[in-house]
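A short worksheet on the structure shown next.
Protein chains in written order, with this note's numbering: chain A, 1 to 251; chain B, 1001 to 1302.
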């Protein structure tokens, strides 16, 4: 195998060995959100005509789980390797910075997709979705995991301690995902917060992904794809530049 | 040998960390097949030098090459030629011994390397621990796994950064037997250690670093010639020694006398004077100069 596939395999094996924590737990968390919110809101909220609240919520939950887990995979792997010093095993071999990036990114995408499928699978009991636009589903799913996987690499390289990574997660990733319309349509917000939401790239990911399932969206899915694509390119470019310079990895 | 490409070539390496000049113009050439020792006190720059060879640290100026491959420009070839046993006892707690070696081998692009992995595990006494999670290995076993990881791609050049720090006697001995065998089979070994007797016994040539500079570089036997300080320890049957020797001899706490000398004729004269004074020698021990004396001397002067 090439160095890239070995590193990719190592990253897969790493999360697969703790599958309860990396896949089962987020699926259970998403299921809890679904049970609670749909129980409380099912009878009161109809975001789009003819779409039940559960059917509205499920795509958002699937996407949120994918985002959080893709980020967690690359960022926690890197910070753990750095803290324990075993990052040296990856730095000594003849791996290029691009191979390094692609391996961590690939594993993050796969973890995101596995968790997303898991969430979708268990929610089938509660809401059967039509999925009129499978192409959008695939595009948004992959792009979302890729953005968060790359951001996870960036955060993992930057953070020197676990609490720095936790800060990144709690003060950036979590607010961006929670305030992106997972649980509500941004059209229900006052105009100011609607404008703020439009500045949040995660909003486009959730909105576009939901469009694939329910055929309704708050904004044009093409615009969302453009925003998401630009985000991925920008984050990847920064991460690759840092990896190339050896930032915080090679002194 | 002099025609061959040097295993390690370093010229004018400088590296500064904030206010510390870790390396200050280091130049070295280590030929293929050598067992080379890199000595120096803590902070002398040994680990920085190794890190630059391994590509973990980038030099501010100067060049380094492994088997003729520049460590920056041709990093793929240079890293393929180099196996590094890091100083820190690091391991990845997600995997067992066999997985660790299989993955490490994969990083070097090696397919179907199981035969060699089995052989390395066998020589390092890891076979019966192959399926054990690395977290459950003792310190000595973790150290051996690090050595195995460094050898998994059969590198011609092997760097060991203080491999025996905190390692028990048995493991130290078996480790050196294995490393010496690799050296006999043609691998070049670069070793840093604080145990000077190890360096003296194993290394054909030695470089000493101090404050980022090479302060001595020679064959071990030539370095040993730099000091003439022999020492004789004598136990006598009388309490006193002849007056002429009162100042030269030192009394040890156990009652014996010690003579430091550079010429054996000094010892002959002492023995003759003792006989003349009718003093019998009950026991005599001679200590040859060792690397520690040379090291201490050189570090003091440098």
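Glycine is no exception: its CB is placed at the ideal position from the N, C-alpha and C atoms.
Contact between the region 137–156 of chain A and the region 232–247 of chain A is established, with three or more Cβ pairs separated by less than 8 angstroms. At a cut-off of 8 angstroms between beta carbons, residue 161 of chain A makes no contact with chain B. When DSSP assignments are scanned along the region 1171–1222 of chain B, the uninterrupted stretches of beta strand (DSSP E) that are 3 or more residues long and fall wholly within it turn out to be 1188–1192, 1205–1210, 1213–1219. For residue 1257 of chain B, the uninterrupted beta strand (DSSP E) segment begins and ends at 1257–1261. DSSP places residue 83 of chain A in no beta strand (DSSP E) but in the uninterrupted alpha helix (DSSP H) bounded by 53–84. Distance between residue 1247 of chain B and residue 1292 of chain B, taken at the CA atoms: about 25 angstroms.
Contact residues of the region 1062–1089 of chain B toward chain A are 1075, 1076, 1079, 1080, 1084, 1086, 1088 (C-beta to C-beta distance below 7 angstroms).
For residue 90 of chain A, a Cβ of chain B is located within less than 8 angstroms of the residue's own Cβ. Contact note: residue 1058 of chain B reaches chain A through 246, 250, 251, using a C-beta cutoff of 9 angstroms and chain order.
For residue 242 of chain A and residue 154 of chain A, the gap between their C-alpha atoms comes out near 8 angstroms.
Listed along chain B is no residue with a C-beta nearer than 8 angstroms to that of residue 164 of chain A; the closest approach is about 21 angstroms.
Listed by position along chain B, the residues whose Cβ is nearer than 7 angstroms to that of residue 2 of chain A are 1109. About 7 angstroms separates the Cβ atoms of residue 97 of chain A and residue 240 of chain A, confirming a contact at the 8 angstroms cut-off. Sequence-distant Cβ neighbours of residue 1256 of chain B in its own chain, meaning closer than 7 angstroms and more than five residues away, are 1233, 1234, 1235. Contacts between residue 14 of chain A and chain B, judged by CB atoms closer than 7 angstroms, involve 1094 in chain order.
With respect to chain A, the C-beta atom of residue 1149 of chain B has a partner C-beta closer than 8 angstroms.
Going by C-alpha positions, residue 1199 of chain B is about 16 angstroms away from residue 1174 of chain B. Residue 30 of chain A and residue 61 of chain A have their alpha carbons spaced roughly 6 angstroms apart. Under the three-pair Cβ rule at 8 angstroms, the region 169–181 of chain A counts as touching the region 204–217 of chain A.
Excluding sequence positions up to five before and after residue 38 of chain A, its CB lies within less than 7 angstroms of the CB of 53, 54, 57, 126, all in the same chain and listed in chain order. A direct Cα-Cα distance of roughly 22 angstroms separates residue 223 of chain A from residue 173 of chain A. For the region 1031–1051 of chain B, residues whose beta-carbon sits nearer than 8 angstroms to a beta-carbon of chain A comprise 1051. Burial check for residue 1143 of chain B: the Cβ neighbour count within 10 Å reaches 16 or more, so the residue is buried. With the rule of 3 Cβ pairs closer than 8 angstroms, the region 99–118 of chain A does not count as touching the region 1125–1144 of chain B. Annotation: Cβ neighbours of residue 85 of chain A in chain B (cutoff 7 angstroms, chain order): 1088, 1090.
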